[in-house]
Every structure is written in structure tokens, then in C-alpha cells.
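In our numbering, the protein residues as written are 587 to 836.
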């Protein structure tokens, strides 16, 4: 854990935060911290505390004074529309998605998504929220992304997305889908959205659907990547300006 996260309800009227479970054991047994030491903490959905002072340390409970507050990390400039991957892949993805910093994550159906995937327990908030928190703690972040399940792709792309993401900020990742744009020189206002399909790519019908809705196809090159690799690659490329330049200026 690079940041010890706590729920708002764990802060008492005296201002102190009481940590139990894995977080307390991590502070006591892994960090081997003692009263008076400081750790990096953060309130889930709120500020970061880089100099939280430990008041008491034990494997079953740690008490800390959060100390000065800093704003949360800025969000990534891009959100994600993801064709639902295999359950095992989704389980691996949740922490990585939180660490990448999107504000919103949309999970949707596609022609190459098996219907059985929708029965996965990893679509249940009680299951995926702890995985997202693991990713936040690793990244040192405090803000959980908003997760939305949108099983009907066509009405979502045609009716909902135009109001959420401006023209020039909609990218469609597809194997061999086109050359990556050069580094951006300017950015269109508003958040962007990158759509990543199944490991076999979007169908021809889905490609037309996205392109009719103003999405520009971008490529990861000739290699066909696994979903978790493609997501990380895309966000790294977007953060570095390697994708979406012409879209941003469209």
C-alpha cells in the first residue's frame, strides 16, 4: 500500500482515524511503524494526507491523526468504454483501472462477448469495490471511478455518448484499426472516451456504429493484445499524447 485509505465513517468526532484489518496489519507488521511515525493516508472520495501521524499501533487496530489535507490527484483526461472481458481478466483489471485514474468506466456488450460473462461476480459492487481500492492504494489515489453497466451498446453509443463527450474526444481502439496519431499540440475541451473491444476486436457492424457516432479509429499496431494489456497501453499512450492528436483538434 502506497497510501493507507480510510472510509469517512472511520474518522471519529475527535478527528482521529481508526484502522483495522489488513490496513492495521500492514502498518504494524509490514511498515513496522511506531507511534509518532507518519504514513501517507487518504480519505476515500476525498483529500490526501501525506503526513498522517500514528497515535497508536497494533496489528488489530491503528489510530492516526490525518494531519494536513491535500487535494485528490487529478483525474485522467480520458474515460473508458470496455467490452466486457472474461471474468478472470476483469478481476485483474479492476485494480489497474483504478490506478489509471479514469473518472468513468462503462462496461458494455459486444458481438464477441459471451453472454455467460454477465453472470460474473466481478460485476457486483461488493466484489469489485475492494479491488478498485487496492488499485487506488497502490497508485496513491483516493477517488474511485464511477462504474456503469451499459449492456445495450447501440442506444448507448447513439443516444447517450454524444452528450457526454465532445467531438474530437472519442477514440475507437481496434486491432490494425489505423495509424496512431502524432503527439497532440492542443486539446479539445472536455473529457475524452476511448472504446476498447473484445480481444478479437469489434465486429464490422460495431465499427460502423462507432464511426457513425464520430469515433476515430486508432491502432496499437499489428499486434493483437489481451484486454488488460490494451487498456494499460491505451491510457499510457493517451497520457503521453501518442494517441488522439488529430481527434483533439477536430
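By construction, the Cβ of each residue, glycine as well, lies at the ideal position given by its N, Cα and C atoms.
- Between the segment 615-635 and the segment 687-699 there are fewer than three C-beta pairs closer than 8 Å, too few to call the two in contact.
- When the beta-carbon positions are compared, residue 610 and residue 647 come within less than 7 Å of each other.
- Under the DSSP assignment, residue 683 falls in the alpha helix (DSSP H) whose first and last residues are 673-686.
- Residue 780 has its alpha-carbon roughly 31 Å from the corresponding atom of residue 592.
- Given a length threshold of 3 residues, each whole run of the beta strand (DSSP E) inside the segment 617-680 is given here in chain order: 624-629, 634-642, 648-651 and 664-669.
- Beta-bridge analysis with DSSP links residue 707 to no other residue.
- Using a 10 angstroms sphere on the CB of residue 792, the tally of other CB atoms reaches 16 or more, which defines it as buried.
- By DSSP's assignment, residue 694 forms a beta bridge with 669 and 736.
- Membership of residue 592 in the beta strand (DSSP E) is indicated by the continuous run 590-592.
- For residue 804, no alpha helix (DSSP H) encloses it; the enclosing beta strand (DSSP E) starts and ends at 802-804.
- Taking all protein chains shown into account, residue 665 has 16 or more neighbouring C-beta atoms within 10 Å of its C-beta and is therefore buried.
- The C-beta separation of residue 693 from residue 650 comes to about 35 Å, leaving the pair out of contact by the 8 Å criterion.
- A residue is called buried once 16 or more other Cβ atoms fall within 10 Å of its Cβ, and residue 735, having fewer, is exposed.
- Spanning the alpha carbons of residue 679 and residue 656 requires a straight line of approximately 28 Å.
- DSSP places residue 609 within a helical segment (H, G or I) once states are collapsed to three.
- From the listed residues 658, 644, 691 and 635, the smallest Cα separation to residue 652 is found for 635.
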